[in-house]
Structures are given as structure tokens and as C-alpha cells.
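Residue numbers (this note's numbering): 1030 to 1337.
Beta carbons are placed, not taken as given, at the ideal position from N, Cα and C, and that holds for glycine.
See structure below.
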Ligand code: CP
Ligand code: NVA
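Listed below in C-alpha cells is the structure:
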């Protein structure tokens, strides 16, 4: 049995197999063929933070695969009143076939997975957002940007930056991360990525100048400057991130046909300008839709690993 907690646990081959499966399921769904790969299965979806895309895509996804999703918010679970993660894991995994969790520390997710008898999927932690990156890569493929691309990530060295580090270092493409000083990705994750990059041939650069990162890029991406749980730092962050907005003058440095990706929600006037956002709305919302297809691929793949 496998969990899907971070791309650091996945090989290039496995990532590409899941993407292939997602593409197949997407094509079937576009033909209105909803193959019940997960008939009668129940997906528990535990949310300790807000969500639009993750909740809707997992719930619709499991339904279209022939199963049912159970939305469990922290406020309604005994987890919110102090029941330990490990007890919650042992109860829920006896009743459900798969679990998706959105929580704070990666360790909490790992603790749940250690005590779960069914596959667990990371629906975002402070450290990683791997399901998002699977959708992002699917989008890159669809836009012809998966062949040795230069990806520029501009902004906070957060869960999205960490996840891009994992994807690039496993698949072997060029990733430039530009953050303000003091907002670099976590050192341990950087070291892991550099070790994977040695094997895959990925070129990874850490910068403090967004212009340098974006020059000649095929894909430009960013994320909010204020992640969930950091609301109290808003004022300081807005000051520290000045000059890191992806706007027309920055985007103009990328290749002419570069795409812009954003995991959403987007905050115009902060990490991205209204103009850049709307000029690239097509790929941004394709990316959002791909959450549904990519996660169906992940769920079906995980289900198939059980019998191995
Ligand atoms: N991108 C993403 O995970 O969106 P939600 O927070 O709405 O789920
Ligand atoms: N970095 C953001 C991503 C939201 C999808 C957060 O953690 O809030």
C-alpha cells in the first residue's frame, strides 16, 4: 500500500505513470464515460483549513469514479476538540477506503498515515501541496511546456515552492526560485531537492531577483504571499514582498509564448497583477480544472497499489 504525502517519495517513473492515468481518465470523462474505477469506495476528506478547489475536485472526483466523498471539517470532528490524530486515523481508516487530509504540519499528516490502514493523500500541508503539482504538470504537458522547460517561481518559499522543487528535481527540468531575503524555501527541502537533481539532471537556482528568474522562462508561476495560518504576518509580508508582483513588465521578460500558472486563490495587486492574471486566465483555469483529473489519476493509482 502507498500513501501520497509528498513527491519526494515518488520516482519520475511513478509520477509519469500517474499523469498518464489521469490523462486517460480525463479523455474518458470528456467523452462522458465515467468508468467506475472506485465503485462503492468512500473517500474521507478531512479539512483543518479552508478550501474551494481541493474540496470540490476530490468530492466530484470520487463521485465520478463510482464512490462517495465524506467532507469532514475540523470543527465538526472530535479532532477539533483534541482527539489525537492517531486515534482519528485508526477509526476513519476502518470505515473508509481512502483518506485525504488538509492540515498544518507535515508531521501531523505523517502521523495519520502511520496509523492508517488505507491510503492517505496530502491535500496541502504547510510544507507541501503535491496534488496541486500533479495538476500543474498535466497543464504544462497540455500547453506543450513539458519538454525541458525553464520554470520560474516568483514569491514565497512556501509549500508551493517546496512542491515545485520536488517536481523539478524528480523530473529533471530547470527551476528558478526567486524569493525576498528571509523567505527562501526550507533548507532541508532544498538539500533533498539538490540531491534528487543530481540524479535527474535538474537545474535548480535560488535567486532574490525576480527578473533574473523570469528571463526566457517557459512557465512563470507564483502563489499568495500570505498562506493560510500566516494572516497575522500580513502587514510585514506585504512590505517584504514589494517588487515581487508578477506584472506585465516582469512577464515580458519571459518567452513570448510563456504560460502563467497560479494554484489559486489569487490576490490581484499583490503576487499577480490583474492584467497578467486575466491575460493568462485560460491556462490558470485549465490548471484549476486539472485538479479534478489529476486527483482521479492519483486515487485510482493508489487503489491499484493495494493489491501489489
Ligand atoms: N489551490 C488550492 O488548493 O485551492 P483551495 O485552497 O481552494 O483548495
Ligand atoms: N500557499 C497557500 C496555498 C493555497 C492553495 C497556502 O498554504 O495557503
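Query                                                                                                                                                                   : Result
What ranges does the alpha helix (DSSP H) occupy inside the stretch 1265-1301, keeping only unbroken runs of at least 4 residues that lie completely in it?             : 1277-1280
Pull up the CB-CB distance for residue 1200 and residue 1037, whole angstroms please, since I reckon it's below 8 Å.                                                    : Contact doesn't hold; Cβ gap of about 13 Å is too wide.
Return the bridge partner residues of residue 1098 from the DSSP annotation.                                                                                            : 1072
Beta-carbon separation of residue 1323 and residue 1051 under 8 Å?                                                                                                      : yes
Determine the extent of the alpha helix (DSSP H) in which residue 1314 is found, giving its start and end residues.                                                     : 1310-1335
Between the alpha carbons of residue 1112 and residue 1303, how many angstroms are there, rounded?                                                                      : 43 Å
In whole angstroms, what is the alpha-carbon distance linking residue 1071 and residue 1091?                                                                            : 8 Å
DSSP has residue 1235 in a bridge; who is on the other side?                                                                                                            : 1206
Count the other CB atoms, across all protein chains shown, that sit within 10 Å of the CB of residue 1123; report buried if there are 16 or more and exposed otherwise. : exposed
Looking at C-alpha atoms only, which residue of 1232, 1158 and 1155 is the closest neighbour of residue 1179?                                                           : 1232
DSSP state of residue 1033, grouped into three classes?                                                                                                                 : strand
Quick check: is any heavy atom of the ligand NVA less than 7 Å from the C-beta of residue 1129?                                                                         : no
Sorry if obvious, but does the Cβ on residue 1189 come closer than 7 Å to a heavy atom of the ligand NVA?                                                               : yes
On the premise that residue 1327 lies in contact with residue 1160, defined as a C-beta separation below 8 Å, what is that separation, rounded to the nearest angstrom? : 6 Å
Indicate whether residue 1183 and residue 1275 have their beta-carbon atoms separated by less than 8 Å.                                                                 : yes
Assuming residue 1075 contacts residue 1101 (C-beta within less than 8 Å), just tell me the rounded distance between them.                                              : 5 Å
So what does residue 1051 bridge to, in DSSP terms?                                                                                                                     : DSSP lists no partner for residue 1051.
On a CA-only basis, which of 1129, 1103 and 1202 is nearest residue 1087? Give me that one, please.                                                                     : 1129
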